Amino acid sequence: MTVRVVIQLLFILFTVGVSQSGFAADTVPVFVSIVPQKYFVQKIGKGLVDVQVMVQPGASPHTYEPKPGQMTALSKTRIYFAIGVSFEQVWLDKIAATNPHMKVVRTDQGIEKIPMAAHHHDDGDGEHEGNTEPVGHGILDPHIWLSPPLVKIQARSILNALQAIDPDHRSVYEANFNAFIAEITALDLDLQHIFNGQVGLRFMVFHPAWGYFAQAYGIQQVPIEVEGKDPKPSQLKEVIEHARENGIGVIFVQPQFSAKSAKVVAREIGGHVVYADPLAGDWLENLREVGRKFKAALR
81 MTVRVVIQLL
91 FILFTVGVSQ
101 SGFAADTVPV
111 FVSIVPQKYF
121 VQKIGKGLVD
131 VQVMVQPGAS
141 PHTYEPKPGQ
151 MTALSKTRIY
161 FAIGVSFEQV
171 WLDKIAATNP
181 HMKVVRTDQG
191 IEKIPMAAHH
201 HDDGDGEHEG
211 NTEPVGHGIL
221 DPHIWLSPPL
231 VKIQARSILN
241 ALQAIDPDHR
251 SVYEANFNAF
261 IAEITALDLD
271 LQHIFNGQVG
281 LRFMVFHPAW
291 GYFAQAYGIQ
301 QVPIEVEGKD
311 PKPSQLKEVI
321 EHARENGIGV
331 IFVQPQFSAK
341 SAKVVAREIG
351 GHVVYADPLA
361 GDWLENLREV
371 GRKFKAALR
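Start counting at 1 in the sequence shown, then tack on 80, and there's your number in this note's numbering.
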């Protein structure tokens with residue numbers, strides 16, 4: 081067999097296995113908004129689905145703009161799983177319009193969202209408060225994937241959509257879903273154990289992504305960021321004073337945001353910066369690890 085023939089055979093095998101859209105053949109082509117959703121869909125769909133992610137690793141779902149190639153790939157997509165992140169407010173209608181046959185599933189339906197946490201502030205009479213008040217302007221927290229109990233709701237939406245689009249594998253999806261729910265329950269119990277006796281204690285973050293996580297386990301996040309922006313010098317001073325008064329020595333940041341302000345606070349309080357990624361690919365192990373980090377930093 082000549083080299084030319086071998087190359088031709090390899091090309092045929094490749095083109096049979098992968099469509100021009102980038103999806104594998106003989107699978108349900110699916111798009112999700114963020115990386116953790118890929119974890120959820122793969123847990124339920126396993127080898128029956130091919131999942132592409134809109135917001136690429138390292139990018140922020142608050143400001144992301146889809147690439148031309150992604151918009152093209154949507155023409156072959158059967159399901160788009162939305163989750164309510166900021167970029168969807170601008171792009172979801174455009175995404176849906178690229179493919180009238182694509183089903184758009186809003187996995188945040190049925191979830192009661194909480195207001196985004198406010199940064200620490202001076203209430204005017206000398207007493208400091210944490211993040212018990214909303215930012216305002218009607219901003220609701222989109223980070224619902226960081227609460228195990230809420231992920232169970234999202235998983236049910238994913239299951240229903242996959243069963244509807246691919247009824248021949250209904251029982252397979254159901255079995256995978258049940259196994260995933262068992263894993264989430266085990267994680268939830270682990271985190272409850274980690275935070276047992278820690279109710280009301282606080283951890284400091286730059287971006288307030290962990291509100292649902294904190295709510296689930298009775299702890300509080302104290303944000304540095306002010307409505308998506310770095311704090312002004314006077315606001316930063318208040319944050320530093322609050323951290324000193326409460327013995328906070330760890331500032332949590334995420335890779336998608338600048339750590340500049342967090343590093344200033346850490347330097348002033350003699351503390352340090354620790355990364356906690358809300359968009360990590362291995363959702364389950366990431367939450368378990370983040371839980372341990374928060375526990376070690378609680379004050």
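Glycine included, every Cβ here is placed at the ideal spot set by N, Cα and C.
Fair warning: this is a prediction, and the values are worked out from it, not measured in the lab.
Run of the beta strand (DSSP E) containing residue i, from where it starts to where it stops
| i | result |
| --- | --- |
| alanine 198 | From DSSP, alanine 198 is part of no beta strand (DSSP E); its letter is neither H nor E. |
| lysine 183 | 183-186 |
| glutamine 300 | 300-303 |
| isoleucine 331 | 330-333 |
| histidine 223 | Taken as a continuous stretch (DSSP letters only), histidine 223 belongs to no beta strand (DSSP E), as it is neither H nor E. |
| tyrosine 160 | 159-162 |
| tyrosine 355 | 352-355 |
| valine 285 | 282-285 |
Short Cβ contact (9 Å threshold) for residue i with residue j
| i | j | result |
| --- | --- | --- |
| glutamine 35 | isoleucine 219 | The question about residue 35 has no answer, for the chain in this structure spans 81 to 379. |
| glutamine 136 | phenylalanine 111 | no |
| proline 146 | proline 358 | no |
| alanine 289 | isoleucine 261 | no |
| proline 303 | valine 285 | yes |
| arginine 379 | isoleucine 349 | no |
| methionine 151 | lysine 174 | yes |
| leucine 226 | leucine 364 | no |
| lysine 340 | alanine 356 | no |
Residue environment, residue i, which counts as buried when at least 16 other CB atoms sit within 10 Å
| i | result |
| --- | --- |
| alanine 197 | buried |
| glycine 371 | buried |
| leucine 242 | buried |
| alanine 376 | exposed |
| histidine 352 | exposed |
| valine 231 | buried |
| arginine 250 | exposed |
| proline 228 | buried |
| asparagine 258 | exposed |
| glycine 216 | Note that glycine 216 scores 45 on pLDDT, short of 50, meaning its location in the model is unreliable; the coordinates nonetheless yield the value given after this. Glycine 216 is exposed by the Cβ-count criterion. |
| leucine 367 | buried |
| lysine 244 | As written in the sequence, residue 244 is alanine, which differs from the lysine given in the question. With fewer than 16 Cβ atoms within 10 Å of its Cβ, alanine 244 is classed as exposed. |
| proline 313 | exposed |
Inter-residue CB distance, residue i and residue j (contact presumed, cutoff 8 Å)
| i | j | result |
| --- | --- | --- |
| glutamine 300 | glycine 280 | 7 Å |
| isoleucine 159 | lysine 126 | No, isoleucine 159 and lysine 126 are not in contact; Cβ-Cβ is about 15 Å, not under 8 Å. |
| histidine 223 | tyrosine 144 | That pair is no contact at about 15 Å. |
| alanine 41 | arginine 186 | Because the chain here runs from 81 to 379, residue 41 falls outside it and cannot be looked at. |
| alanine 308 | tyrosine 119 | Note on residue identity: the sequence assigns glycine, not alanine, to residue 308. Rounded, the Cβ-Cβ distance is 26 Å, inconsistent with contact. |
| serine 237 | glutamine 189 | 7 Å |
| histidine 287 | glutamate 305 | 5 Å |
Which listed residue (the options) has its alpha carbon closest to that of residue i
| i | options | result |
| --- | --- | --- |
| proline 141 | Arg158, Leu128, Tyr297, Glu168 | Glu168 |
| glutamine 315 | Leu226, Ala342, Thr107, Gln272 | Ala342 |
| alanine 346 | Pro148, Pro335, Ala255, Gly327 | Gly327 |
| threonine 107 | Gln336, Ile114, Val129 | Val129 |
| histidine 181 | Ala255, Leu172, Pro247, Lys156 | Lys156 |
Residue i: first and last residue of the uninterrupted alpha helix (DSSP H) it sits in
| i | result |
| --- | --- |
| phenylalanine 374 | 363-377 |
| aspartate 173 | 166-177 |
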